[in-house]
Amino acid sequence: MTRWQVLKLVWNTVNLSTVAGVVVGLIGRARFSRGPRGLFYATGYKLKFPVAGAFTIGNMILTKHDRAYFEARPVLVRHEERHSWQYFCLFGLPMLPLYVLGVVWSFLRTGCPASRNPFERLASLKDGNYDEKPVRPLGQILSQTFRRS
């Protein structure tokens, strides 16, 4: 590991974001293992939320899949690693409500939770296996959303 990766590992532990990732993994009955570059994996995550192939809290990357899922997807691991740097830069847990705001903003603009989410864009939409959706008028998104209800 580089010095920066060690610093991120320590800071994301001190700022409680990785600790929160462990707690979420325990609640989701995941199995824990070491990943590359100071990351950890929580595999076999059992909860249905969030709906994602993988998600990151601190230095913990969680997934419902087994470890081979990450080994076959090094680009996805890099994407999730970028999220771990976002926790580092935002002093840990403030990342969670800010990320939710990013999801809401993106959904309101595109109907997609990732396309205009600044956190997903900074982590690379392509690397996270997201398609970029075009921005649509807010009224169109809201009318489609409420028509479905």
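Position 44 of the sequence shown, counted from 1, bears residue number 43 in numbering that gives the first Met the number 0, the numbering being contiguous throughout.
Idealized CB from N, CA, C, for every residue including glycine.
A quick note: this is a predicted structure, and the numbers were derived from the prediction, not measured.
Going by DSSP, which residues form a beta bridge with residue i?
i          : result
residue 29 : Paired residues: none, contrary to the question.
residue 55 : 60
residue 42 : 30
Apart from the five residues just before and just after residue i, which ones in its own chain have a Cβ nearer than 6 Å to its Cβ?
i           : result
residue 14  : 90 and 91
residue 108 : 115 and 134
Candidates the options: which alpha carbon is nearest residue i's?
i           : options             : result
residue 128 : 75, 134, 54 and 86  : 75
residue 84  : 142, 56, 106 and 73 : 56
residue 27  : 9, 49, 7 and 123    : 49
residue 96  : 12, 16, 10 and 6    : 16
So, at 7 Å on beta carbons, what are the nonlocal neighbours of residue i in its own chain, with the 5 sequence-adjacent residues on each side left out?
i           : result
residue 102 : 112 and 116
For residue i, I'd like the list of residues in its chain whose CB is within less than 8 Å of its CB, leaving aside the five on either flank, ordered along the chain.
i           : result
residue 4   : 36 and 37
residue 105 : 111, 112, 113, 114, 115, 116 and 119
Taking all protein chains shown into account, do 16 or more other C-beta atoms lie within 10 angstroms of the C-beta of residue i, making it buried, or fewer, making it exposed?
i           : result
residue 54  : buried
residue 1   : exposed
residue 46  : exposed
residue 22  : exposed
residue 87  : buried
residue 67  : exposed
residue 32  : exposed
residue 145 : exposed
Between residue i and residue j, which are expected to be in contact by the criterion C-beta below 8 Å, what is the C-beta distance as a whole number of angstroms?
i          : j           : result
residue 82 : residue 118 : 7 Å
residue 58 : residue 8   : 6 Å
residue 42 : residue 62  : 6 Å
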